[in-house]
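Counted the way the numbering used here counts, the first sequence spans residues 11 to 442. Note that CB positions come from ideal geometry on N, CA and C, so glycine has one too. Below is one structure, written out as structure tokens, with a few remarks after it.
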Amino acid sequence: MPPLLPTAPYRGTRDFLPEEMSVRTQVFSRLYETIETFGFQRYDGPVLEPVEIYEAKSGQELVERQLYVLTDKADRRLALRPEMTPSVARMIAANAGRLSFPVRWYSHPNCHRYEKPQKGRVREHWQINVDVFGSESVEAEVEIFELIHALFRTLGADPSLYEIRVNDRGLAFSALERFVGLAPEQVKPVFQVLDRWEKLPREVCLEQLAGHGLDAAAAAKVEAFTKLDFPAFVDAAAPEVRGESRVARILNEGLLDGPLRFDPLIVRGLDYYTSTVFEVFDVSPENRRSIFGGGRYDNLTALFSKQRIPGIGFGLGDVTLMDFLETHELKPAPDVSPDAVVLCAEPSLRGSMKEVAARLREAGVKTVTPLDGGGLGKELKKAAKLGARVAVLVGAEEHGRGAVIVRDLARSEQREVAATDVASEVGSTLAR
RNA sequence: GUGGGUGUAGCUCAGUUGGUUAGAGCGCCAGAUUGUGGUUCUGGAGGCCGCGGGUUCGAAUCCCGUCACUCACCCCA
């Protein structure tokens, strides 16, 4: 006998048993519906992509340490997609000729990263991706933020539970350069320090700044920079950059009907974001973390096409979303029970039993019939365990007069009705 | 890549300064109940005490190693 294989799923991946799957399905269906009410269209693509599409723009850490890479039989280098944005940029570029912009697309792919699993972090997750391609208008930003608010609303979360924090990388770049007096090549490492500003102790941040060649005066200015309010932040940037900032327009002109908070510490790790960046945070003390984020990438399709197609979007992962819903007790209850079971008292009545079941299914009732013969008592026990609310009993005596028994399992009441009326009787029992 | 915590029944967990046959609750199966379930009662199945080594008359218990899970760091969707 060879040793038995482990039943646990591969590290960092998850099995979804029916109860949990039911919760997920309910949550995601609501999200799909809401996204579609904004006119977004769903697409999908391959799990495997050429490694090159991530190498250019996604960031070093991701490609070097987190990418699942494999070689096919013809020596092509492929990766399990770690995110969807490069794939969708590829698809948009390939089909740009016959698309009418702006294009509103969404998808729900599984994405893989070689991570060390921990809370909120796994190796395979499902990420809802929402993108608008082909518009440089500030209205694209506004629409994305409105959609985010709508998504939380459909899940039962009001704006007091979360916070959209927004920044503009172009603005931040210029402001940092001018306010602190940084050379352009110093800005990116300083961004990375800013990204961790709230998580690390002050001394550590200052040390890291020194490590990037900033003297004490410059480090002090960076610290002051983190505390700038929005008007001062905008003033610090070069005038020509100020005028381009969509984030500045939204905040200054009040274009968004819903909360949005400026935060100079939001910079995000992906290299392809060019201007608007945002992250959505859970404000609960127990789960104070980034739930998801996104931003504007004005030249990502440049990898695939000479045509310039700007885009903006976000990726919402299932793990952090479920943690958020869990924290706020917003997870829907699992719904895995059939509505009805149909049973017969003796094997000769199986045919009639199946006719009754067919009639119920025709009416849209989730109906189960026994596969293995057991007594009525046993089958009713199984029905209760399954959570069925109604049992239809086909007995010899009733069958003789064209009738069946419809039993309300919750109330322990039953009625004899004509077999032809079974669907309406079951329907009204379920409606009680 | 670095550090902490935890590994005992399907699940949640007890298990005394090391002591003989390793327990409970829940779940599962069967019976009480061959035309009526959930409750109740009775019975039953189910354990390489993560794995390997060591100490000891004796190890679930102590020591070393290893693997797995988990949390955090790093980094980040």
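- Short of 6 Å from the beta carbon of His159, and not among the five residues preceding or following it, lie these beta carbons of its own chain, in chain order: Gly268.
- DSSP places Ser170 in the coil class of the three-state scheme, outside both helix and strand.
- With the rule of 3 Cβ pairs closer than 8 Å, the stretch 198-208 counts as touching the stretch 271-288.
- Ranked by Cα distance from Leu353, the first of Val402, Tyr64 and Glu187 is Val402.
- In the DSSP assignment, Ile138 forms a beta bridge with Leu326.
- A direct Cα-Cα distance of roughly 14 Å separates Pro320 from Gly304.
- At the C-beta level, Phe314 and Ala103 come within 7 Å of one another.
- Leu161 and Glu407 have their alpha carbons spaced roughly 55 Å apart.
- Tyr53 sits close to Ser117, with the two beta carbons spaced by under 7 Å.
- Collapsing the DSSP output to three states places Arg421 in coil.
- In this structure, Tyr172 is the residue among Arg21, Leu41, Glu65 and Tyr172 with its C-alpha nearest to the C-alpha of Val293.
- Around the Cβ of Phe111, a 10 Å sphere holds fewer than 16 other Cβ atoms; the residue is exposed.
- The three-state reading of DSSP puts Asp178 in strand, counting E and B together.
- When only Cα atoms are considered, Gly166 and Leu370 end up about 33 Å apart.
- Rounded to whole angstroms, the Cβ separation of Val427 and Val366 is 11 Å, and the two are not in contact under 8 Å.
- Taken through DSSP and simplified to helix, strand or coil, Thr284 comes out as coil.
- In the structure shown, the three-state DSSP call for Arg360 is helix.
- Asp292 sits in a strand when the DSSP states are folded into three classes.
- For Glu65 and Glu151, the gap between their C-alpha atoms comes out near 27 Å.
- For Ser39, there is no enclosing beta strand (DSSP E); the enclosing alpha helix (DSSP H) has its first and last residue at Pro28 to Thr47.
- For the pair Arg259 and Val148, the CB atoms are nearer than the 7 Å cut-off.
- Separation of the CB atoms of Val329 and His122 is rounded to 13 Å, and the pair is thereby denied contact status at 8 Å.
- Taken through DSSP and simplified to helix, strand or coil, Ile154 comes out as helix.
- Assigned with DSSP and collapsed to three states, Ile276 falls in coil, not helix or strand.
- Between the beta-carbon of Ile138 and that of Phe155 there is about 16 Å, and that puts the pair past the 8 Å contact cut.
- Here Asn177 is buried: its Cβ has 16 or more other Cβ atoms, across all protein chains shown, within 10 Å.
- Per DSSP, Ser145 is not a residue of any alpha helix (DSSP H), being assigned neither H nor E.
- When secondary structure is reduced to three states using DSSP, Gln202 falls in the helix class.
- The way I'd put it, the stretch 330-345 doesn't touch the stretch 368-386; fewer than three beta-carbon pairs between them come closer than 8 Å.
- Looking from the CA of Thr23, the closest CA among Ala226, Thr236, Leu216 and Glu125 belongs to Glu125.
- The straight-line gap separating the alpha-carbon atoms of Val61 and Ala247 is approximately 37 Å.
- In the DSSP assignment, Arg123 falls outside any beta strand (DSSP E) and carries neither an H nor an E.
- Here Ala350 carries a strand assignment [DSSP, helix/strand/coil].
- Residue range Arg212 to Gly221 is occupied by the alpha helix (DSSP H) that includes Arg212.
- Closest by C-alpha distance to Ser97, out of Leu326, Glu289 and Ile63, is Ile63.
- The C-alpha of Asp345 is placed about 48 Å away from the C-alpha of Lys198.
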